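Heads up: the sequence shown begins at 45 in my numbering, then just goes up one per residue.
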Amino acid sequence: MAHPQPRFRELPYLIAGGFQKLAWTEWGAPDAEPLICVHGLTRNGRDFDALAIALADRFHVICPDLPGRGRSDWLTNSALYQPIQYVHVLAHLLAAVGRPVNFLGTSLGGICGMAIASMPKAPIMRLVLNDIGALIPEAALRRIATYLGNEPEFESVAALEAHLRYIHAPFGALTDAQWAHLAATSARALPDGRVAIHYDQAIADPVRATEPKDVDMWGLWEQIDVPTMLIRGRHSDLLLEETFDRMAPKCAATLVVADAGHAPALMDGPSIAAVRLFLETPLP
């Protein structure tokens, strides 16, 4: 049986400075139950291709590129590259979908999901948090800052892939084909024939503008009352074990990915099966 094919869509949204383009990849029947998947800090919506292909028989899977990533427009004011603005942008997408959705967020995408789900009348009916929790430790933010906005240009996609394999080794035990796919969908062609990772390096500006410190989101977490699945990479330095254990009693489902750190790629069969099981569980 042939794999389902992606569709590439976009919409304009208004943010300080004018209208910009939000792009996304979608899979599955448009009238199926919606599942919005939002990527991590330096990634893009194509990270979810494997998950989307697997779930497209049951869900309308929508994978946006946050501003400054993938096919979405870069912002002229880099100070807008912050979670509160991403939530504003995602609200346009939610309005376009026009009905309740399931929401899966990896890292930064999960922060957006928590922020939206905590709001009154939010259209999220189930929430999956992939290696993000109610406390982000300072040490993890310092690690991310070592490469954020400092990633080089590459002579080839193969060289970019080698870089991804190094900085994103915590994604887990990916196959060669999976790494090649991540590289191909992360590459941006440059005029001189070289390639760069497909994000605006200026997303680092707001991070550099403040001294890293623990980010406490327990108050946000306490406001969320939808069924939630919490996923942790066993070796994660961003979702610590003690944070996971404190959040777990409130969750409808949990998963620890043994061979991953921050953040599980969700490209393996067992992880995808666990996500499917949670999403297909009837609402209370």
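Where is the CB? At the ideal position from N, CA and C, for every residue including glycine.
No experiment lies behind these values; they were computed from the predicted model shown.
Asked, Found
"Beta-carbon within less than 6 Å of V141's beta-carbon, same chain only, minus the 5 sequence neighbours each way: which residues are those?", "P78"
"Residues in its own chain within less than 7 Å of H242 by CB, not counting five upstream and five downstream?", "N88, R113, G114, S230, A231, R232"
"Residues in the same chain with beta-carbon distance under 6 Å from I211, minus the five sequence neighbours each way, listed in chain order, please.", "Y191"
"Please work out which residues of its chain come closer than 6 Å, Cβ to Cβ, to P74, disregarding the five sequence neighbours upstream and downstream, and give them in chain order.", "H104"
"How is L179 classed by DSSP in three states: helix, strand or coil?", "strand"
"Short of 6 Å in beta carbon distance, which residues of its chain neighbour N146, apart from the five on each side in sequence? Order them along the chain.", "L79, R170, L323"
"Can you have a look at T219 and say buried or exposed, based on whether 16 or more other CB atoms are within 10 angstroms of its CB?", "exposed"
"Suppose contacts are defined by Cβ-Cβ distances below 7 Å. Is I180 in contact with V300 by that definition?", "no"
"Measure from the alpha carbon of L148 to the alpha carbon of each residue in A318, K257, P326, then state which is nearest.", "A318"
"Report the option in P144, K257, G177, L134 whose CA atom is closest to the CA atom of P56.", "L134"
"For D220, would you say it is in contact with chain D, using Cβ-to-Cβ distances shorter than 7 Å as the test?", "The structure shown contains no chain D; it is built from a single protein chain."
"Nearest to Q262 by CA position, among G237, M291, A307, V270, is which residue?", "Per the sequence shown, the amino acid found at residue 262 is Trp instead of Gln. If we check each option's Cα against that of W262, M291 comes out closest."
"From R320, S122, A178, pick the residue whose C-alpha is nearest to that of K294; which is it?", "A178"
"Taking the straight line between their C-alpha atoms, what separation do you get for P16 and P144?", "Not covered by the structure: residue 16. The range shown for the chain is 45 to 328."
"Looking at the structure shown, is F312 part of a helix, part of a strand, or coil, going by DSSP?", "Looking at the sequence shown, residue 312 is not Phe but Asp. D312 falls in the coil class under three-state DSSP."
"Under DSSP, the alpha helix (DSSP H) around L99 begins and ends at which residues?", "93-99"
"Helix, strand or coil: which one does DSSP assign to D244?", "coil"
"Run through DSSP, which three-state label would T120 get?", "coil"
"Out of G313, P256, V251, A206, state which residue places its alpha-carbon closest to the alpha-carbon of A240.", "A206"
"Count the other C-beta atoms from every protein chain shown that fall within 10 angstroms of the C-beta of G237, then say buried if there are 16 or more, exposed otherwise.", "exposed"
"The beta strand (DSSP E) with Y130 in it runs from where to where?", "Careful: Y130 lies outside any beta strand (DSSP E), inside the alpha helix (DSSP H) at 127-141."
"Can you give me the Cβ contacts of A76 inside the same chain, cut-off strictly under 7 Å, excluding the 5 residues immediately before and after it?", "R102, F103, H104"
"Does DSSP put I211 in a helix, a strand or coil?", "helix"
"In angstroms with no decimal places, state the Cα-to-Cα distance between A161 and W68.", "21 Å"
"Please classify T219: does DSSP put it in a helix, a strand, or coil?", "coil"
"Would P111 and I155 be called neighbours here (beta carbons separated by less than 7 Å)?", "no"
"State the Cα-Cα distance for the pair F288 and P235, rounded to the nearest angstrom.", "45 Å"
"Can you tell me whether DSSP reads R87 as helix, strand or coil?", "coil"
"Using the C-alpha atoms, what's the distance from E255 back to G193?", "16 Å"
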